[in-house]
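Take 1 as the starting number for the sequence shown in the UniProt record's numbering and just add one per residue.
C-beta: ideal position from N, C-alpha, C; glycine also.
Everything on this sheet refers to the single structure shown next.
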Amino acid sequence: MEAERSPSNYRYYNHSSIDRVHFIEKRKKEGLSLEEIKQEIIETRSQEVDVLELRSKMTDLEKEVSGILTHLEKTDQKKCGEIKEKISRESLSLIQTLLLFLS
């Protein structure tokens, strides 16, 4: 855990570090070993990373779909409508699935 130092060499911790210490103390009182607490923290961090990765992929997919739709608007109108309808259904399914993961 890193801390900022004042000119007089006092340590200043950010809120997340303080919250982590409180979490560790609470789990120790509940009877968990430090190794078990460490594993729990690692698992929580990996889940947070997964959510961030999913959000990033969602953004990339939205950009890709938007680009495809822009390209399609320049082509055959009938074909464009069919593809938009298909993409919309697939996008809705993707969004619903991602919402389940995020909640």
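Check                                                                                                                                                                                         : Outcome
If you follow the alpha helix (DSSP H) that glutamate 30 is in, where does it begin and where does it stop?                                                                                   : From DSSP, glutamate 30 is part of no alpha helix (DSSP H); its letter is neither H nor E.
Does glutamate 4 come out as helix, strand or coil in the three-state DSSP assignment?                                                                                                        : strand
CB-CB under 8 Å to histidine 22, same chain, minus the five flanking residues each way: which ones, in chain order?                                                                           : none
I'd like to know whether the C-beta atoms of leucine 52 and leucine 98 end up nearer to each other than 8 Å.                                                                                  : no
Of the choices Thr75, Val65 and Thr59, whose alpha-carbon is the least far from that of lysine 86?                                                                                            : Val65
Note down, one range per segment and in chain order, each alpha helix (DSSP H) of at least 4 residues found wholly within the segment 42 to 75.                                               : none
To the nearest angstrom, how far is the alpha carbon of glutamate 2 from that of tyrosine 10?                                                                                                 : 12 Å
Please work out which residues of its chain come closer than 7 Å, Cβ to Cβ, to glutamate 30, disregarding the five sequence neighbours upstream and downstream, and give them in chain order. : none
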